[in-house]
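K.L.:
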Amino acid sequence: MLKIKAKNIRLTTIIINHISANLRAYIISSLIFIVGIFVGVMFINNTQETKKTEISDYINRYITESKENGEISTAGVLKDNIKNNIILAVSLWFAGTTIIGIPIVFGIVFFRGFSLGYTISAIVYTMGLRKGIAFIVIAVLLQNLIFIPALIALSVSGIKLYKSIIKDRRKENIKLEILRHTIFSLIMLVLLMISAIIKINISGELLENLIKYF
78 MLKIKAKNIR
88 LTTIIINHIS
98 ANLRAYIISS
108 LIFIVGIFVG
118 VMFINNTQET
128 KKTEISDYIN
138 RYITESKENG
148 EISTAGVLKD
158 NIKNNIILAV
168 SLWFAGTTII
178 GIPIVFGIVF
188 FRGFSLGYTI
198 SAIVYTMGLR
208 KGIAFIVIAV
218 LLQNLIFIPA
228 LIALSVSGIK
238 LYKSIIKDRR
248 KENIKLEILR
258 HTIFSLIMLV
268 LLMISAIIKI
278 NISGELLENL
288 IKYF
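For what it's worth, my numbering labels the leading residue of the sequence shown as 78, then goes sequentially.
1) So, are the CB atoms of L269 and A230 less than 7 Å apart?
2) With a cut-off of 8 Å on the beta carbons, I'd call H95 and W170 a contact; round off their distance for me.
3) For a test of the three-state rule: what should DSSP assign to R257, helix, strand or coil?
4) For the alpha helix (DSSP H) holding R294, just list the boundary residues, first then last.
5) Less than 7 Å between the beta carbons of S262 and F224, yes or no?
6) For R189, count neighbouring Cβ atoms within 10 angstroms of its own Cβ and tell me buried if that reaches 16, exposed if not.
7) Tell me which residues share the same chain as T196 and place their Cβ nearer than 7 Å to its Cβ, disregarding the 5 neighbours each side in the sequence.
8) For the candidate residues I91, S106, R87, whose alpha-carbon lies nearest to that of V233?
9) So does the region 240-251 actually touch the region 157-167, counting three or more Cβ pairs closer than 8 Å?
10) Using only alpha-carbon positions, find the residue among F187, L256, L253 that is nearest to I114.
11) Thinking C-beta only, is L266 closer than 7 Å to E254?
12) Give the single residue among K276, G205, Y202, I260 whose Cα lies nearest to the Cα of A166.
13) Name the residue from R101, N278, A98, F120 whose alpha carbon lies nearest to the alpha carbon of S192.
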């Protein structure tokens, strides 16, 4: 028990030190993500009524089909989610290893924020505030508690690599920093996979029980 507590304290210390050392990068990435969410929400609010109707019909059709089928979680869906998260992690890793790739990193973070804001706004528009919030907490929030920090951390790792290369262009330093970036990205990839499992298995099962009330 003491060993486990010591490991947890050590891990917490490492995480706090990492965030403190890269606080500015975390703030920038987080702000870009938040701006993306805001733009996604505003995009739905300013969308034409015909388009809003199409979105509403799609969500309602999804709920109806889920009620009829009685199943949301499938191995195929989990596989697709894990595949998409691998592609995301690889894209952020690759963009982070190139000096010109930092705008791409920010673009990916912005787009993921936009997608989240768009999804939340569309759900609330379709279901109303009370049912919408319940749906969002189960279907969206749980996996994003892991997904969003992992996404931000991946972008920060790319920024850190860029700053290290600019500061010290020696070949040995570049190799070392790329190795660190790669190891860190692999750890974040594991977290992204866990978020996919939560999304399909845990959130999926909870949603199956909740969706009959919509």
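Ideal Cβ placement from N, Cα and C applies to all residues, glycine included.
P.N.:
From the atom records:
1) By 1-based counting over the sequence shown, the position of residue 269 is 192. By 1-based counting over the sequence shown, the position of residue 230 is 153. The beta carbons of L269 and A230 sit no closer together than 7 Å.
2) Residue 95 sits at position 18 when you count from the first residue of the sequence shown. Residue 170 sits at position 93 when you count from the first residue of the sequence shown. At roughly 17 Å, the Cβ-Cβ gap does not stay under 8 Å, so H95 and W170 are not in contact.
3) Locating residue 257 in the sequence shown gives position 180, counting from the first residue. Three-state DSSP puts R257 in a helix.
4) Lying before the first or after the last residue shown, residue 294 is absent from the chain, which here runs from 78 to 291.
5) Locating residue 262 in the sequence shown gives position 185, counting from the first residue. Locating residue 224 in the sequence shown gives position 147, counting from the first residue. Not a contact, by the Cβ cut-off of 7 Å.
6) Taking the sequence shown and counting its residues from 1, one reaches residue 189 at position 112. When all chains shown are included, R189 counts as buried.
7) Position 119 of the sequence shown, counting from 1, holds the residue named residue 196. V217.
8) For this step, residue 233 is matched to residue 156 along the sequence shown. Nearest of I91, S106, R87 to V233, Cα basis: S106.
9) Using a C-beta cut-off of 8 Å, the region 240-251 makes no contact with the region 157-167, since fewer than three inter-stretch Cβ pairs fall below that distance.
10) The count along the sequence shown starts at 1 and reaches residue 114 at position 37. Selected option, being the one with the closest Cα: F187.
11) Mapped onto the sequence shown, residue 254 falls at position 177. Mapped onto the sequence shown, residue 266 falls at position 189. Contact: no.
12) Within the sequence shown, numbered from 1, the residue matching residue 166 stands at position 89. Nearest C-alpha to A166: I260.
13) The residue you call residue 192 lines up with position 115 of the sequence shown. The shortest Cα separation from S192 among R101, N278, A98, F120 belongs to F120.
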